[in-house]
Amino acid sequence: MTLAQWSFDLLLAGGLLWLGWQALFEKRRFSAVVHFMAFNLLMALVWVRLSAPDIALAEAAIGAGVTGALLLTALGRLPSGTSSGAHPHRWHPHWRYLAVISACISTAWLIAVVPQLPSPGLAGEIEAVMPATGVDHAVTAVLLNIRALDTLLEVAVMLAAVVLVWSLGPTLRPLPPATILPGLPALSRLLHPLFLLVPTYLLWRGTHAPGGAFPAGAVLGAGGVLMLLADEVGWMQRQHWQRLLRLLLVSGLALFVLVGLGGLLMTGTFLSIPLGVARLLIMAVEIAMALSIALMLMALYLYGEPGQ
Amino acid sequence: MTTLYLVAAALLLVNASVGAWRIRQGPTSADRMLAAELISTSTIAVLLLLSALADNPALVDVALLFAMLAAIATANFVTRTWTLLRQDHHSREEAGHD
Amino acid sequence: MTETLLNAAGHGLVLVGLLFFLAGSLGLLRFPDIYARLHALTKAHNLGLGLLCSGLALQASALSEAAKMMLVWLLVLIASGIGATLVASTANTCGIVPRQVSRRIRHKRPREPKE
Amino acid sequence: MSDYYATVAALLCGMAVIGLFRAHDLLHRILALNVLASAVFLLLVTLARTESGTDPVPHVMVLTGIVVAVSTTAAALALTIRAYERRRQREDER
Numbered sequence: 000m001t002l003a004q005w006s007f008d009l010l011l012a013g014g015l016l017w018l019g020w021q022a023l024f025e026k027r028r029f030s031a032v033v034h035f036m037a038f039n040l041l042m043a044l045v046w047v048r049l050s051a052p053d054i055a056l057a058e059a060a061i062g063a064g065v066t067g068a069l070l071l072t073a074l075g076r077l078p079s080g081t082s083s084g085a086h087p088h089r090w091h092p093h094w095r096y097l098a099v100i101s102a103c104i105s106t107a108w109l110i111a112v113v114p115q116l117p118s119p120g121l122a123g124e125i126e127a128v129m130p131a132t133g134v135d136h137a138v139t140a141v142l143l144n145i146r147a148l149d150t151l152l153e154v155a156v157m158l159a160a161v162v163l164v165w166s167l168g169p170t171l172r173p174l175p176p177a178t179i180l181p182g183l184p185a186l187s188r189l190l191h192p193l194f195l196l197v198p199t200y201l202l203w204r205g206t207h208a209p210g211g212a213f214p215a216g217a218v219l220g221a222g223g224v225l226m227l228l229a230d231e232v233g234w235m236q237r238q239h240w241q242r243l244l245r246l247l248l249v250s251g252l253a254l255f256v257l258v259g260l261g262g263l264l265m266t267g268t269f270l271s272i273p274l275g276v277a278r279l280l281i282m283a284v285e286i287a288m289a290l291s292i293a294l295m296l297m298a299l300y301l302y303g304e305p306g307q
Numbered sequence: 000m001t002t003l004y005l006v007a008a009a010l011l012l013v014n015a016s017v018g019a020w021r022i023r024q025g026p027t028s029a030d031r032m033l034a035a036e037l038i039s040t041s042t043i044a045v046l047l048l049l050s051a052l053a054d055n056p057a058l059v060d061v062a063l064l065f066a067m068l069a070a071i072a073t074a075n076f077v078t079r080t081w082t083l084l085r086q087d088h089h090s091r092e093e094a095g096h097d
Numbered sequence: 000m001t002e003t004l005l006n007a008a009g010h011g012l013v014l015v016g017l018l019f020f021l022a023g024s025l026g027l028l029r030f031p032d033i034y035a036r037l038h039a040l041t042k043a044h045n046l047g048l049g050l051l052c053s054g055l056a057l058q059a060s061a062l063s064e065a066a067k068m069m070l071v072w073l074l075v076l077i078a079s080g081i082g083a084t085l086v087a088s089t090a091n092t093c094g095i096v097p098r099q100v101s102r103r104i105r106h107k108r109p110r111e112p113k114e
Numbered sequence: 000m001s002d003y004y005a006t007v008a009a010l011l012c013g014m015a016v017i018g019l020f021r022a023h024d025l026l027h028r029i030l031a032l033n034v035l036a037s038a039v040f041l042l043l044v045t046l047a048r049t050e051s052g053t054d055p056v057p058h059v060m061v062l063t064g065i066v067v068a069v070s071t072t073a074a075a076l077a078l079t080i081r082a083y084e085r086r087r088q089r090e091d092e093r
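For the record, the sequence lines run as chains A, B, C and D. Counting from 0, one number per residue, gives the positions in the first sequence under numbering that gives the first Met the number 0. Counting from 0, one number per residue, gives the positions in the second sequence under numbering that gives the first Met the number 0. Counting from 0, one number per residue, gives the positions in the third sequence under numbering that gives the first Met the number 0. Counting from 0, one number per residue, gives the positions in the fourth sequence under numbering that gives the first Met the number 0.
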């Protein structure tokens with residue numbers, strides 16, 4: 000560990016804490032949101048430092064792209080000064096001090112305990128079963144074969160979020176921008192090919208190196224958000240595309256469940272994939288999941304049900 | 000080479016801290032957004048330097064994603080957050096001064 | 000021989016790129032208004048990152064890596080160029096007046112109708 | 000290095016919890032939840048680094064967690080927007 004490395008880590012952690020602090024305790028909403036976006040950027044660097052490139056890819060696509068877009072859009076809808084929630088019941092100052100002090104004590108305790116936390120250490124076991132999974136990259140293997148149930152339920156959670164957002168009312172009509180912006184359609188047109196190319200590349204890479212369905216779906220979704228911004232996806236609002244849209248939204252989950260049931264028939268265990276077809280099936284599930292994650296992110300970004 | 004690039008990466012982080020100062024300082028929301036963009040570009044540069052250091056091509060992919068998504072935040076800010084034609088007078092103030 | 004030369008050139012380009020980054024952040028620190036800061040920042044994005052990318056691409060192990068680095072630069076070029084016009088034209092419409100416009104020039108401008 | 004980042008994660012956790020309970024504004028609460036999620040992810044990933052190699056299982060949990068976090072953020076933001084619009088309607092009617 001050289002001096003340069005130490006100073007790099009120190010700066011990174013200091014920046015992370017500062018931006019996190021500002022995002023939490025800054026009064027002005029816009030400022031807090033921008034601090035949070037910068038916090039996410041530094042978070043991706045931390046993932047890289049901790050040699051977790053898969054997470055860095057997902058964080059880059061979701062944290063920096065989609066979450067920022069969601070927050071900025073919501074910000075344009077909220078009033079400037081006042082609190083938008085219910086008026087909370089104000090606590091007596093004594094209770095507040097007590098709460099802050101106990102939070103500080105538990106943080107100190109956590110810091111003291113952290114170095115001694117037991118590590119799960121499943122690296123050896125995963126290494127041992129890798130040949131039976133059909134892919135060469137450990138994260139993809141765990142994601143879609145060994146712990147596929149988690150991934151299945153996660154897609155279900157996302158679909159539930161879409162259902163919740165859509166049940167709140169019709170799509171929020173975007174307010175017109177301040178002036179005519181000819182750069183926006185140009186931007187979207189220039190970037191379209193890349194927003195198709197890069198997810199394909201990430202999907203293909205996912206079987207043997209960092210990549211896979213999550214970053215691919217998130218990048219595709221971010222491209223969809225750009226199209227929504229440039230007002231280029233009229234079909235999502237049209238009446239007779241609605242059924243297809245809903246079908247596409249559930250396609251990832253449906254294919255996943257079908258694969259699981261097929262595994263139940265062939266091997267007797269839900270979601271276990273026989274080795275012979277594993278590579279092909281995992282690829283198919285990944286493609287369907289990437290598409291439906293992308294579409295679900297776009298659906299969330301609409302903040303309401305289209306076609307109303 | 001290793002030390003040179005590490006020092007360069009640390010310098011870029013110092014650079015990004017200037018962006019953090021500007022995000023805090025404002026004075027307009029566009030300033031904050033621009034400063035966030037500077038941090039994003041510095042992050043891309045650090046990622047490229049780290050990928051050269053560790054000889055890890057996956058990091059260039061992360062940088063590529065950041066570069067693609069840099070435009071989305073700006074476009075979103077201009078079309079959805081900073082809209083002039085809002086009825087609310089206060090929010091218009093905020094667009095100019097916060 | 001060629002490798003040493005390429006490495007030296009790469010290091011030089013990275014250093015010059017770093018200089019442009021420093022210049023950009025100096026501009027962000029010191030310039031008086033949003034338009035001037037925009038100007039300083041686009042230098043950091045376009046030239047700083049561009050030189051850094053080409054410096055690293057010279058030392059890349061494979062041609063595909065070098066091509067990817069240049070793609071990163073191209074993307075940042077598109078994003079920062081178009082983003083700068085978007086921000087500047089919106090700022091102009093929102094009524095943020097450029098600082099340091101001398102009084103005479105401002106009088107010569109046709110007055111915008113009041114809302 | 001793992002210990003170092005684990006300490007940072009613990010600090011962030013504490014900050015986020017205090018921020019979560021201090022915030023009156025709904026948007027600030029959503030931000031605080033997101034920061035808390037990032038801190039927990041960081042803790043998980045630092046735990047994944049062992050002497051015998053990197054354990055992919057916590058990485059997968061964090062990957063799933065990031066996607067779940069973005070869906071919950073979107074749902075919470077949608078609820079916040081609707082709550083505000085409902086309240087403004089009510090104030091207009093009055």
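We put the CB at the ideal spot given by N, CA and C, even for glycine. On a predicted model such as this, the values are computed, not experimentally measured, just so you know.
Span of the alpha helix (DSSP H) around residue i
i, result
"aspartate 53(A)", "52-57"
"proline 55(D)", "55-92"
"asparagine 14(B)", "1-24"
"proline 198(A)", "182-204"
"tryptophan 17(A)", "2-24"
"asparagine 39(A)", "28-48"
"histidine 10(C)", "1-29"
"tryptophan 108(A)", "92-112"
"phenylalanine 213(A)", "212-228"
"valine 7(D)", "1-21"
"glutamine 241(A)", "241-266"
"isoleucine 138(C)", "What is shown of chain C runs 0 to 114, which leaves residue 138(C) out entirely."
"serine 28(B)", "28-53"
"valine 128(A)", "122-128"
Beta-ladder partner(s) of residue i, from DSSP
i, result
"arginine 79(B)", "For arginine 79(B), which the question treats as bridged, DSSP gives no partner whatsoever."
"arginine 48(D)", "Thr53(D)"
"alanine 169(A)", "According to the sequence shown, residue 169(A) is proline rather than alanine. DSSP, once it has assigned bridges, lists Glu304(A) as partnering proline 169(A)."
Contact set between residue i and chain D, taken where Cβ atoms lie within less than 8 Å
i, result
"glutamate 58(A)", "Ile65"
"phenylalanine 35(A)", "Leu30, Asn33, Val34"
Chain-ordered neighbours of residue i on chain A, where CB pairs are closer than 8 Å
i, result
"arginine 81(D)", "Leu167, Gly168"
"asparagine 14(B)", "Correct list: empty, because the minimum Cβ distance to chain A is about 10 Å."
Amino acids of chain A, ordered along the chain, whose beta-carbon sits closer than 9 Å to that of residue i
i, result
"serine 79(C)", "The contacting residues do not exist; serine 79(C) stays about 11 Å from chain A at best."
Whether residue i touches residue j by CB criterion (8 Å)
i, j, result
"alanine 3(A)", "leucine 5(B)", "yes"
"alanine 160(A)", "leucine 299(A)", "yes"
"alanine 44(B)", "valine 33(A)", "no"
"valine 75(C)", "alanine 7(B)", "no"
"alanine 29(B)", "alanine 7(C)", "no"
"leucine 18(A)", "alanine 37(A)", "yes"
"aspartate 54(D)", "arginine 28(A)", "no"
"glycine 205(A)", "glutamate 285(A)", "yes"
"glycine 220(A)", "isoleucine 281(A)", "no"
"threonine 150(A)", "alanine 140(A)", "no"
"glycine 262(A)", "leucine 56(A)", "no"
"valine 218(A)", "leucine 64(B)", "yes"
C-beta neighbour in chain E for residue i, strict 8 Å
i, result
"tryptophan 17(A)", "Considering every chain present, this structure includes no chain E. Its protein chains are A, B, C and D."
Chain D residues whose Cβ lies nearer than 7 Å to that of residue i
i, result
"valine 284(A)", "Simply none; closest approach about 15 Å."
Residue i: contacting residues in chain B (beta-carbon distance under 9 Å)
i, result
"threonine 1(A)", "Thr1, Thr2, Leu5"
Interface residues of chain B facing residue i [CB-CB closer than 7 Å]
i, result
"leucine 301(A)", "Result: empty, since nearest Cβ-Cβ is about 12 Å, beyond 7 Å."
"leucine 11(A)", "Leu12"
Chain C contact residues for residue i, given Cβ-Cβ distances below 7 Å
i, result
"glycine 182(A)", "Ile81, Thr84, Leu85"
Per-residue contacts from residue i into chain C (C-beta, under 8 Å)
i, result
"threonine 178(A)", "Ser88, Thr89, Asn91, Thr92"
Chain-ordered chain B contacts of residue i [CB-CB under 8 Å]
i, result
"glutamate 64(C)", "Pro56, Val59"
Partners in chain D for residue i, counting only beta-carbon separations shorter than 9 Å
i, result
"isoleucine 54(A)", "Phe40, Val44, His58, Val61, Leu62, Ile65"
Any residues in the region 39-72 of chain B with a beta carbon nearer than 9 Å to a beta carbon of chain A? Which ones, in chain order? Ser39, Ser41, Thr42, Val45, Leu46, Leu49, Ser50, Ala53, Asn55, Pro56, Ala57, Leu58, Asp60, Val61, Ala62, Leu63, Leu64, Phe65, Met67, Leu68, Ala69, Ala70, Ile71, Ala72
Taking only beta carbons into account, state which residues of the region 83-95 of chain C come closer than 8 Å to chain A, listed in chain order. Thr84, Leu85, Ser88, Thr89, Asn91, Thr92, Cys93
Positions along the region 127-154 of chain A whose CB lies within less than 8 Å of some CB in chain D: Legend: CB atoms of the region 127-154 of chain A lying less than 8 Å from CB atoms of chain D belong to residues Ala137, Val138, Ala140, Val141, Leu142, Arg146, Asp149, Thr150, Glu153.
At a Cβ cut of 8 Å, what residues of the region 182-215 of chain A count as close to chain C, listed as they run along the chain? Gly182, Leu183, Ala185, Leu186, Leu189, Leu190, Leu193
Near-chain B residues of the region 216-228 of chain A - C-beta to any C-beta below 9 Å: Ala217, Val218, Ala221, Gly222, Val224, Leu225, Leu228
Report the residues of the region 62-75 of chain A with a CB closer than 8 Å to any CB of chain B, ordered along the chain. The region 62-75 of chain A vs chain B, Cβ under 8 Å: Ala63, Gly64, Gly67, Ala68, Leu71, Thr72, Leu74, Gly75.
Relative to chain B, which residues along the region 37-48 of chain C have a C-beta separation below 8 Å, given in chain order? Of all residues in the region 37-48 of chain C, only Leu37, Leu40, Ala43, His44, Gly47, Leu48 come within less than 8 Å of chain B when Cβ atoms are compared, listed by chain position.
Given a limit of 7 Å on CB to CB distance, which residues of the region 228-255 of chain A reach chain B? The region 228-255 of chain A vs chain B, Cβ under 7 Å: Leu228.
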